[in-house]
Amino acid sequence: MPIDPDEYYGDMLEGLAAWFASPFVADLRATVARFPAPDLGNALNRNQVASKRWLVDRLREAAGERFGTITILGGWFGVLGAMLLHDPRLAIRRVVSVDIDPRCAAIAESLNATHVRSGRFVAETGDMLLRDYPPIASGTDVESPDVVVNTSCEHIAAFGDWFARLPQGQLVVLQSNDYRGVAGHVNCVSDLEAFRAQAPLRPLLYAGTLPTKRYRRFMLIGRK
Ligand SMILES: C[S@@+](CC[C@H](N)C(=O)[O-])C[C@H]1O[C@@H](n2cnc3c(N)ncnc32)[C@H](O)[C@@H]1O
Numbered sequence: 700m701p702i703d704p705d706e707y708y709g710d711m712l713e714g715l716a717a718w719f720a721s722p723f724v725a726d727l728r729a730t731v732a733r734f735p736a737p738d739l740g741n742a743l744n745r746n747q748v749a750s751k752r753w754l755v756d757r758l759r760e761a762a763g764e765r766f767g768t769i770t771i772l773g774g775w776f777g778v779l780g781a782m783l784l785h786d787p788r789l790a791i792r793r794v795v796s797v798d799i800d801p802r803c804a805a806i807a808e809s810l811n812a813t814h815v816r817s818g819r820f821v822a823e824t825g826d827m828l829l830r831d832y833p834p835i836a837s838g839t840d841v842e843s844p845d846v847v848v849n850t851s852c853e854h855i856a857a858f859g860d861w862f863a864r865l866p867q868g869q870l871v872v873l874q875s876n877d878y879r880g881v882a883g884h885v886n887c888v889s890d891l892e893a894f895r896a897q898a899p900l901r902p903l904l905y906a907g908t909l910p911t912k913r914y915r916r917f918m919l920i921g922r923k
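Numbering (this note's numbering), first residue to last: 700 to 923.
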């Protein structure tokens, strides 16, 4: 009898959710059932998860464990939001995941259903180039700073215009890569130095490179 892959992998995800008592795996199982077509597999592949894990670990080392609102631009299907909010080492008030693609918000909210219910995750459809970034109110962000994350810098042709919109002193986490030739990769950088020149941060709390099989990913953490 032919195997129905949805049922086959769905059963496994349900089993894993029960085994690890994992609300995230339960949310993932519900999401793949509700949204079978979009490419959630890509957003959860090994490279993607490794680069988000790298971000979470370095952010914790560079800026601590307590955060206010973390705004994720180009947040796609909400994988990074889930990894941040489910990390037991971190205390994050709220994650806002913004993407220009109108397909993303419903999927991101389904993948983060646990934290939508508790009011700690929201997905918005919008263009990061048109967004207003509130100024840093003095004294309010010392214990739990707000963070702006953009792991899609390679997708932003008008990167300089976007960076100019951020308020002075904003804590940011930026990722880009040298993976040229991929549709939508209109702002790749050749190396970490080129990325640092594109996005000058002071203080620069972290700068690093994560090599993968086909390309290198670059990350900067610091204040604009
Ligand atoms: C392929 S995904 C993520 C790639 C990225 N390297 C990562 O791992 O997070 C890029 C996302 O950026 C979004 N995006 C591109 N331009 C945008 C913009 N101006 N504002 C908001 N989202 C944007 C796309 O819709 C897409 O979901």
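Don't be surprised by glycine CBs; every beta carbon is placed ideally from N, CA and C.
Between the CA atoms of residue j and residue i - distance to the nearest angstrom
| i | j | result |
| --- | --- | --- |
| C803 | T824 | 8 Å |
| V872 | F862 | 12 Å |
| F719 | A896 | 43 Å |
| R757 | E706 | 37 Å |
| A898 | E713 | 43 Å |
| A856 | F894 | 14 Å |
Residues near residue i in its chain [Cβ-Cβ closer than 7 Å; skip 5 each side]
| i | result |
| --- | --- |
| R759 | R788 and L789 |
| N876 | E853, C887, Y914, R915, R916 and F917 |
| L783 | V755, I769, L789, I791 and V794 |
| F858 | C852, N886 and Q897 |
| R879 | C887 |
Same chain only: Cβ atoms within 8 Å of residue i, ignoring 5 sequence neighbours per side
| i | result |
| --- | --- |
| S809 | D726, A729, T730, R733 and F734 |
| Q747 | N741 and V778 |
Burial state of residue i (16 or more Cβ within 10 Å)
| i | result |
| --- | --- |
| T908 | exposed |
| G777 | buried |
| S889 | exposed |
| T850 | buried |
| Q867 | exposed |
| G740 | exposed |
| G773 | buried |
Problem - In chain order, each alpha helix (DSSP H) run of at least 4 residues that lies wholly inside the stretch 853-892 - result: 858-864
Which runs of the beta strand (DSSP E) at least 3 residues long sit entirely within the stretch 781-858? Give them in chain order. 790-798, 820-824 and 846-849
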